[in-house]
Each structure stands twice: as C-alpha cells, then as structure tokens.
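Protein chains in written order, with the UniProt record's numbering: chain Z, 1 to 86; chain U, 1 to 140. A virtual CB, placed ideally from N, CA and C, is assigned to each residue, including glycine. Structure first, then comments.
Below you can see the structure in the form of structure tokens.
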C-alpha cells in the first residue's frame, strides 16, 4: 500500500472506495464488510513491488465483480422465490 | 346568473392563486369579498424562499462543525479529545490512509458533492477538508 508510485496509490484507494460502496448492501451488514475489507487491505501494506501491487489490484477488481455477481444472484433468487413460492 | 358565477369565480380565484404570491403578480380582479379568505403574504415569507440554484452559503463554523460531528461518530477515531479544527487525520486522530478514504466518503455524502480522487488525496486534515468544502459552490 505504501508504494512510492502515486498513481498506484490512487488506484488502490479508488478500488477500496468502490468496494466500500459495494459493501453497503452486503448480506452480513456493512460493518462486517468494512472491517474485513480494511483488514484485507492493511495486510498487504508491506508490498512495494509494483508488479505485485498490480496483481493485487486485479484481484481486488475480481472481488468487486464477484460481489456484484453475488448481488445479482441474490436478486435473482428473491425474484424467483416470489414468483414460484417454493 | 350572477349567483352562479360568483361562487365559481371565487373557487377559481382561490385555487388558481398560489399560496405565496408576489404582490406584482396578483390578479387584477379583486373583490372585498375574497380578501378575508386570501392569505396575505408578508415580506418575511418572501425572504425565506430561496432559489434552489443559489449556493447554500455555508459558513466556516458550520462546515467545521458538521465535519467534526461526522468524525465524532466515526468509530475508528481513537482520541476524541484531540478533535479540533486543526486535527490531522493520521497524526492526531490515528486514522490510516484507508480510514481517510472512508472519512472523505462520509464528507462527500454529508455535503452532497463528489470529490475527485486527486483532490481527495490531498485531504489529510480537518482544516484541509473545510477549506475544500468552502471552495465548492455546490456543497450543501
């Protein structure tokens, strides 16, 4: 996280912000999500290699997409439940 | 004929007249009969109304107070006693850079503006946040 490259630093912050916005609707609650997210980011604090950071950024983006998919799945399930009522 | 038109006219007048009407825009057809039912606007009522396009005109104290309240309720602030107008997020309040992102997000919501990443990066203390908000004309 403490990279000397300001562009990467900004990217990390942006993805963190995006993830925070995504986490608002998290099933287990925003606070649960927030603390876990913070822990996950802070655990990578020691990274200084740019390539390595870029790899983690890609992973963060992947997680963001996963959460989005989770929300779509949740929506799909609740819609289906309402129509089929099983 | 007069008997039927009068109530109709009265109804029409009451419904068509906006509640707070500028004196210039009053309808010309005025009768002493309706004067008692009409709400006469006072000058203070006009002062209270403002255009929504106008800037909110936030004062320095108000902005600072709102940001401080926001930080007071932020659970990661360790030492509330160190909270003042000059507090630095990292040095005084013990927030890391990720917490700062959260604080900036909260400030964005409080004042209903969007802070671009570059400017958000430069905000490290309450004073900087207050100055930034005051520089934004669309902050509320």
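Check, Outcome
"CB of residue 34 of chain Z within 7 Å of CB of residue 101 of chain U, strictly", "no"
"Whole-Å CB distance - residue 115 of chain U paired with residue 108 of chain U, under 8 Å assumed", "5 Å"
"Partner residues on chain U for residue 53 of chain Z, Cβ-Cβ distance less than 9 Å", "Going along chain U, no residue has its Cβ under 9 Å from residue 53 of chain Z, so there is no contact; the nearest lies around 14 Å."
"Spatial distance of residue 23 of chain Z from residue 74 of chain U (CA atoms)", "17 Å"
"Proximity test, Cβ basis, 7 Å: residue 83 of chain U and chain Z", "no"
"Which of helix, strand or coil DSSP assigns to residue 46 of chain Z", "coil"
"Whole runs of the beta strand (DSSP E) within the segment 53-82 of chain Z, excluding any shorter than 3 residues", "none"
"Counted within 10 angstroms of its Cβ, other Cβ atoms place residue 19 of chain Z as buried (16 or more) or exposed", "buried"
"Buried versus exposed, by CB contacts within 10 Å (16 or more), residue 142 of chain U", "Any answer about residue 142 of chain U is impossible in this case: the structure gives chain U only from 1 up to 140."
"Sub-7 Å separation of residue 133 of chain U and residue 80 of chain U beta-carbons", "no"
"Best match in Z:9, Z:6, Z:25 and Z:5 for proximity to residue 68 of chain Z [C-alpha to C-alpha]", "Z:25"
"Residue 81 of chain Z at chain U interface by Cβ criterion, 7 Å", "no"
"Inter-residue spacing [alpha-carbon to alpha-carbon] between residue 59 of chain U and residue 51 of chain Z", "46 Å"
"C-alpha distance - residue 136 of chain U paired with residue 77 of chain Z, whole-angstrom precision", "43 Å"
"Element boundaries [alpha helix (DSSP H), containing residue 107 of chain U]", "97-110"
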